[in-house]
Amino acid sequence: MTDLLLPFQFPFMHGAFYIALLVGPPTAMLSCFLVLKGWSLMGDAVSHAVLPGIVLAYIAGLPLIVGAFLAGMFCSVLTGYLDANSRIRQDTVMGVVFSGMFGLGLVLYTKIETNVHLDHILFGNMLGVSNADLWTSGIIGFLVCAALLICWKDLLLHAFDPAQARAIGLPVRVLHYGLLTILSLTIVATLKAVGLILAIGLLIAPGAIAFLITRQFRHMLMVAILASTASLVGGVYLSFWFGSDAGPTVILVLTVLFLLAFTYRLAANKTQEARDI
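Here the sequence shown is numbered in this note's numbering, starting from 1 and rising by one per residue.
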């Protein structure tokens, strides 16, 4: 039993477990809306697009999270504008925008001298979180959860039927850009945990897992939060014993859970088909 509790005895592991508990609920709740709305690629685009904002914030001497948020919002607004004013499909626009922003960030990074490790920006550094990182993730996570819980009915209708939402008088444009703002904030909260590249795993996998094994949205939210938090805490715990990076290990745990959920849904469908026969 003492050996099983060994990871909890090291101070550097405490911060990793704390930030895992802080980013689990907001990423899980947001992932449910992104999955239902079909915004998986949008999450990927915004997570990559914040890199130039981080580099420019470093050059200007501003907090990195400010640059990340502004770059994420710029990418979101630019994608929406190009989608509304061209014949190009939204997924094509997002692919062009996020790859361009990510390329710009890499070029800027190679042109400055800095002690900031690119690996920590791209893949996170859960074992090196500071109290400021915990406060940042905690405050953003609280605001994201509160906003989603207050507006979940409007956001859900907007995800399923934007035309109906507009017809009954909901502020569709506000909901659209509000969700993009929440997405950008959530990515900022996960930077220290899993970085830019792996953030898409936390933003999509929990919702996808819950979507496979539930039929009601409230249950989907609860299952997503459970899957996300368990994967984060479990990934940090397993990384201690495997000697691996915590962020990638978390994503691997999420992937395993998704495969298990897919297998469960496939077996359930076959059982139902057999009963119908």
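C-beta: ideal position from N, C-alpha, C; glycine also.
- In the assembly as shown, K192 is a buried residue. Its beta-carbon has 16 or more other beta-carbons within 10 Å.
- Contact between the stretch 210-223 and the stretch 19-38 is present: three or more C-beta pairs spanning the two stretches fall below 8 Å.
- A distance below 9 Å separates the beta carbons of I213 and R265.
- Excluding sequence positions up to five before and after V97, its CB lies within less than 8 Å of the CB of A45, A49, C75, L78, T79 and L82, all in the same chain and listed in chain order.
- Its chain contains L41 and A45 as the residues whose beta carbon lies nearer than 8 Å to that of G95, once the 5 sequence neighbours on both sides are disregarded; these appear in chain order.
- The C-alpha of W135 is placed about 14 Å away from the C-alpha of G128.
- The Cβ atoms of V233 and F17 lie closer than 9 Å to each other.
- G178: member of the alpha helix (DSSP H) spanning V172 to I213, first to last residue.
- The stretch 177-186 and the stretch 139-148 touch, with no fewer than 3 CB-CB distances between them shorter than 8 Å.
- Looking at M101, F240, L149 and V174, the one whose alpha-carbon comes closest to that of L5 is F240.
- Shown here for A210: same chain residues with a beta carbon closer than 7 Å to its own, the five before and five after excluded, namely C32, M220, V223, A224 and A227 in chain order.
- Our two residues, I168 and A159, have alpha carbons roughly 14 Å apart in a direct line.
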